[in-house]
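*Asks:*
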Amino acid sequence: MATRTEYLEADYVIVGVGAMGMAFADELLSASDATMIIVDQRPQPGGHWNDGYPFLRLHGARSRYGVGSRFLGACEIDTVSLNAGMGRLPSPAEICGYYDTVMPQRLLPSGRVTYLRLCEHIEGGRVTSRLSRRSFRVDACKTVVDGTYTNTKLAATHPPSVDRDWARMLIINAENQRRWTKNPDLAAWMTESRLDGTAGIVPSTEAVAAQMTSARQRFKQEIGRAHCNTPSRSAPCA
Numbered sequence: 032m033a034t035r036t037e038y039l040e041a042d043y044v045i046v047g048v049g050a051m052g053m054a055f056a057d058e059l060l061s062a063s064d065a066t067m068i069i070v071d072q073r074p075q076p077g078g079h080w081n082d083g084y085p086f087l088r089l090h091g092a093r094s095r096y097g098v099g100s101r102f103l104g105a106c107e108i109d110t111v112s113l114n115a116g117m118g119r120l121p122s123p124a125e126i127c128g129y130y131d132t133v134m135p136q137r138l139l140p141s142g143r144v145t146y147l148r149l150c151e152h153i154e155g156g157r158v159t160s161r162l163s164r165r166s167f168r169v170d171a172c173k174t175v176v177d178g179t180y181t182n183t184k185l186a187a188t189h190p191p192s193v194d195r196d197w198a199r200m201l202i203i204n205a206e207n208q209r210r211w212t213k214n215p216d217l218a219a220w221m222t223e224s225r226l227d228g229t230a231g232i233v234p235s236t237e238a239v240a241a242q243m244t245s246a247r248q249r250f251k252q253e254i255g256r257a258h259c260n261t262p263s264r265s266a267p268c269a
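FYI, in the working numbering the residues of the sequence shown are 32 to 269.
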C-alpha cells in the first residue's frame, strides 16, 4: 500500500534535539514569534547523551549548559572526588531527563513547535518515520537549522579505532617530549611532575629526530596492516 505524505510548514526546521537544537528552539521562543518543526531520530531529547555510559559526567559547570529559560538542576556542590568543592557535574540520565522536561513543559505548550520524534530527516525536506510508514514533506519558510552539524558521538556507539589512536598518541607524545627539552626549565618541571610519561625526557638530538622519522614511517606501514583486521573496517584492504 502506498504511503501518504503529510505536508508541514514552519518558519524554521530544526534537525536534532541535542544541546544545540534545544537551545536554538528555546531562544526562538523567547526572542520571536516564529514557528518550528523539530525532527529527531531518537525517542527522546538529549542528543548524544542518550548513548552515555552511566559513569560519564558533564565536562563543565551545569550553570553553563542547557537552555536559557531553565536551569539544569539545582546548584549543588560536590563534597567528594576530584571535583570536591565545585559544582556537581550531572550524569547522562540527568541531562536527558532535563531536556525531556524542557520539551513538554516549555516548547510544546507554546503551540509553535511541532515535534517529530523517531523520524529521519532526508535532504530535500523529506521526513520518514522510523516506526511506521508515515512520511512528511517539511518546508522551512526561513531556513533549516542542522543541530547535528558537529556529529558528536560517544565511544559506546561504534568500534574504537584502537590501532590508529594508539600509534597517533605514541608518536605525538614522543615528538612533544623532544620539543620540551629545548626549554631546560620546562624539561625539568615536566620530569619532576612526572608528566612526561616516561622515566626521563627524551634528549633533543639529531639522532632522536631521525629515529622519530623512522618510527613514523614504520608505524604507518604496520598500522595500515592492523587496520585491515579491525571490526570497523567494512571493506577488505588491497
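No residue lacks a Cβ here, since even glycine has one placed at the ideal position from N, Cα and C.
(1) Can you tell which of Ser122, Leu147 and Ala105 has the C-alpha that lies nearest to the C-alpha of Asn81?
(2) How long is the line joining the alpha carbons of Ala65 and Ala124, rounded to whole angstroms?
(3) With burial defined as no fewer than 16 other Cβ atoms inside 10 Å of the residue's Cβ, what is the status of Tyr74: buried or exposed?
(4) How big is the Cα-Cα spacing for Gly49 and Ile68?
(5) How far does the alpha helix (DSSP H) with Cys127 in it reach, from first residue to last?
(6) Can you list, in chain order, the residues of its chain whose CB lies under 6 Å from that of Leu87, leaving out five sequence neighbours each side?
(7) With DSSP run on the structure shown, which of helix, strand or coil describes Ala115?
(8) Taking one C-beta from the segment 171-188 and one from the segment 100-118 each time, how about it: are there three or more such pairs within less than 8 Å?
(9) Per DSSP, what kind of secondary structure is Gly231 in: helix, strand or coil?
(10) Drop a sphere of 10 angstroms on the beta-carbon of Ile126, count the other beta-carbons inside from all chains shown, and report buried for 16 or more, exposed for fewer.
(11) Note down the Cα distance separating Tyr96 from Lys173, rounded to an integer number of angstroms.
(12) Just how far apart, CA to CA, sit Ser63 and Ser100?
(13) For Met134, which of Gly47, Thr36 and Asp42 has the nearest alpha-carbon?
*Replies:* Reading it off the structure:
(1) Residue 81 sits at position 50 when you count from the first residue of the sequence shown. With distances taken between Cα atoms, Asn81 lies closest to Ser122.
(2) Position 34 of the sequence shown, counting from 1, holds the residue named residue 65. Position 93 of the sequence shown, counting from 1, holds the residue named residue 124. When rounded, the distance between both Cα atoms is 31 Å.
(3) Position 43 of the sequence shown holds residue 74. According to the sequence as given, residue 74 is Pro; it is not Tyr. With fewer than 16 Cβ atoms within 10 Å of its Cβ, Pro74 is classed as exposed.
(4) Working through the sequence shown from its first residue, we reach residue 49 at position 18. Working through the sequence shown from its first residue, we reach residue 68 at position 37. The alpha-carbon atoms of Gly49 and Ile68 are separated by roughly 15 Å.
(5) What you label residue 127 is simply residue 96 of the sequence shown in a count that begins at 1. Taken as a continuous stretch (DSSP letters only), the alpha helix (DSSP H) holding Cys127 covers Pro123 to Val133.
(6) As a first step, residue 87 is located in the sequence shown; it is residue number 56 there, counting from the start. Excluding positions up to five away in sequence, the list reads Pro123.
(7) Within the sequence shown, numbered from 1, the residue matching residue 115 stands at position 84. It is coil, neither helix nor strand.
(8) no
(9) Position 200 of the sequence shown holds residue 231. Reliability of the predicted coordinates at Gly231 is poor, the pLDDT of 45 falling under 50, and the value obtained from them is presented with this limitation in mind. Reduced to three states, the DSSP call for Gly231 is coil.
(10) What you label residue 126 is simply residue 95 of the sequence shown in a count that begins at 1. Counting Cβ neighbours within 10 Å, Ile126 comes out buried, since at least 16 surround it.
(11) Position 65 of the sequence shown, counted from the first residue, corresponds to residue 96. Position 142 of the sequence shown, counted from the first residue, corresponds to residue 173. Roughly 27 Å between the two C-alpha positions.
(12) In the sequence shown, the residue the question calls residue 63 occupies position 32. In the sequence shown, the residue the question calls residue 100 occupies position 69. In a straight line, the C-alpha of Ser63 is about 14 Å away from that of Ser100.
(13) Residue mapping note: residue 134 aligns to position 103 of the sequence shown, counting from 1. The option with the nearest alpha carbon to Met134 is Gly47.
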